[in-house]
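Engineer: Pasting a structure here, questions to come.
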Amino acid sequence: MHETLSIEREGRVATLTVTRPPVNALGLDMLESMAEELHRLGDDPEISAIVWRSGVPGIFSGGFDLNDPRSASSTPIHTPPGDHLVRVRNAQTALLDVPVPIIVAVNGAAVGLGMLMPALCDIVIAGRSARFGLPEIQINSIGGAGHARRILPEPVLRYLMLTGRRVTPEYLQQCGAIALVVEDDQLDAEAQAIASEIASYDPVVVRNSKISLEALRKIDDVALAYSLEHKWGAALRWSRQQG
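Structure, rendered in structure tokens:
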């Protein structure tokens, strides 16, 4: 099995499969390729949903590849953020910036960056054998809270980050961090079904829904968020009437 990043299209759904055995660790080159592909798919008006899955059986991702010579582990602790951090951030930002929903299908272990990046996707689906963890403290590292807090309540975030323990998808679903937990052999089919359902809707509405949801996430004022969402909806209806 070779290292690949493959894209398959069926209708308005694109499936991105990451295959980097043995543990699908994410090196800088793979992260950069993912960012490029995500932006390219986001710019394609024929795509309305993206499914991200692993091509390695039983492993979603073992996190960032610490053996990458440009990784933070090989950089002095007082060195300012360099190219490696910029490229990791670009890949993470792409998940938020792409104007179409991203459904991530998590099979097996998803730890460190392998848990943090799915936290930036729109819908997280996990197989029952999946296990999630933030083990940075176990390797004398710090990081990830900024993204993990997007889906994790504060007590759960502290529990995972301060112990490095792994938890089940059922545990995270109870916390509201995961949308669905399915049998392992149904994972891919469920992810594709959800993506196809989303892709069956008006593509302009789908894209604007993703954009508005991401903008609203950054607003703490509930009244302001509601007002802005109402204005965006009205503007969308008006533009469609004119078109």
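Just so you know, we're using our numbering here: the sequence shown kicks off at 257 and counts up by one. Every residue gets a Cβ at the ideal spot worked out from N, C-alpha and C, and that includes glycine.
(1) Going by C-alpha distance, which of R405, R268 and P374 is nearest G318?
(2) Taking Cβ positions, are A382 and V437 nearer each other than 8 Å?
(3) In angstroms, rounded to a whole number, what distance separates the CA positions of H334 and I450?
(4) Tell me whether the beta-carbon of F388 lies closer than 8 Å to the beta-carbon of V423.
(5) Where does R473 land, buried or exposed, given buried means 16+ other C-beta within 10 angstroms?
(6) Should G400 and E392 be called a contact, given that it needs their Cβ atoms to be closer than 8 Å?
(7) Please decide whether R387 counts as near chain B, where near means a Cβ-Cβ distance under 8 Å.
(8) So, with DSSP's three-state summary, where would you put E397?
(9) Considering only residues of the same chain and omitting the five flanking positions on each side of L372, which have a CB-CB separation below 7 Å?
(10) Tell me the DSSP bridge mates of L390?
(11) State the CB to CB distance for the pair E288 and R345, rounded to an integer number of angstroms; the pair is presumed to be in contact (CB under 8 Å).
(12) Return the residue from the list Y415, I359 and A471 that minimises the CA-CA distance to A435.
(13) Between the region 279 to 294 and the region 345 to 355, do at least 3 Cβ pairs fall closer than 8 Å?
(14) Below 8 Å on the Cβ atoms is my guess for V356 versus S304; work out the distance and round it to an integer in Å.
(15) Run the CB neighbour count on P332, radius 10 Å, all protein chains shown included, and call it buried at 16 or more, exposed below.
Structural biologist: In this structure, then:
(1) P374
(2) yes
(3) Residue placement at H334 cannot be trusted, given a pLDDT of 43 that sits under 50; what the coordinates show is reported in the next sentence. Distance between the alpha carbons of H334 and I450: 45 Å.
(4) yes
(5) exposed
(6) yes
(7) You won't find chain B in this structure, because it holds only one protein chain.
(8) Per the sequence presented here, residue 397 reads as Ser, with Glu not at that position. In the structure shown, S397 sits in coil (DSSP, three-state: anything other than H, G, I, E or B).
(9) G400, H403 and A404
(10) Its beta-bridge partners do not exist; DSSP assigns none.
(11) Rounded, the Cβ-Cβ distance is 11 Å, inconsistent with contact.
(12) I359
(13) yes
(14) 6 Å
(15) Reliability fails at P332, whose pLDDT of 46 lies under 50, so the model's placement of it is uncertain and the value that follows must be treated cautiously. When all chains shown are included, P332 counts as exposed.
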